[in-house]
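Notes follow the structure.
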Ligand code: DX5
Ligand code: ZN
């Protein structure tokens, strides 16, 4: 299984040091949460940070999670800034299939995220357009929340529905639940608090890679 450390849990004033620590520990991707204070009740980073990270760590795939309404205005901006995976939410009330295809047309992996209240069946028609499905395992907006184990069945159901793309989980993922997530079909573990607070991220990432 792959690991995508979420920089929401990094020390913002030591971002370069903390990201380097994750790279040295074996991070597969780097998860960057973009929040608009509208789709979620919080604000986070801008495209400028994505561009700066891409310039400084060009070999590190940036896994950009857009928790925002009207992402159509920013798809080009984040693709140009260096996103390798660009994820939008199913709940935004737009033509999500068209937006996913636009992401793909720019040579970037298209991710589709669902909040805990959105079922696997509700996104069945969108699955052919998604290279990855990000299952939120907390309500989006803040790091450090408790993992919602009821979401495990959503992962398994997506596989039962025949979804063969990447599955990612985000929110409260830790060394305590990673193996269970893997058993339910997970490919990519987003880990904020669990990785940035880890005493030995290299050891933890090696364990996850072995799952
Ligand atoms: C939550 C964000 C997550 C967050 C996860 O809305 O999408 O990426 O950083 O943080 P942890 O792993 O601490 O729950
Ligand atoms: Zn996220």
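Numbering (our numbering), first residue to last: 43 to 253. For each residue, glycine too, the CB sits at the ideal point set by N, CA and C.
Short note on residue 230: C-beta not closer than 7 Å to any heavy atom of the ligand ZN. Distance between residue 158 and residue 188, taken at the CA atoms: about 13 Å.
For residue 105, the enclosing beta strand (DSSP E) begins and ends at 104–109. By DSSP's assignment, residue 178 forms a beta bridge with 212. No Cβ-Cβ contact shorter than 8 Å links residue 203 with residue 164. Burial check for residue 185: the Cβ neighbour count within 10 Å reaches 16 or more, so the residue is buried. Annotation for residue 171: 139, 142, 143 and 152 place their beta carbon closer than 7 Å to its own, counting only its chain and skipping 5 residues before and after. Membership of residue 250 in the alpha helix (DSSP H) is indicated by the continuous run 243–251.
For the set 91, 147, 226 and 206, the Cα lying nearest the Cα of residue 118 is the one of 147.
By the neighbour-count criterion, in which 16 or more other beta carbons inside 10 Å mark a residue as buried, residue 240 falls on the buried side. Under the DSSP assignment, residue 122 falls outside any beta strand (DSSP E), being part of the alpha helix (DSSP H) whose first and last residues are 117–123. The region 56–65 makes contact with the region 96–105, as at least three CB pairs between them are under 8 Å. Taking a contact as a CB-CB distance under 8 Å, the pair residue 76 and residue 106 counts as one, their CB atoms being some 6 Å apart. Membership of residue 188 in any beta strand (DSSP E) is not indicated, and neither H nor E is assigned to it by DSSP.
Within the model, the alpha-carbon separation for residue 113 versus residue 134 is close to 8 Å.
The Cβ atoms of residue 229 and residue 43 lie closer than 8 Å to each other. Taking 8 Å as the cut-off, the Cβ atoms of residue 173 and residue 208 count as close. In the three-state DSSP reduction, residue 131 falls in the strand class (E or B).
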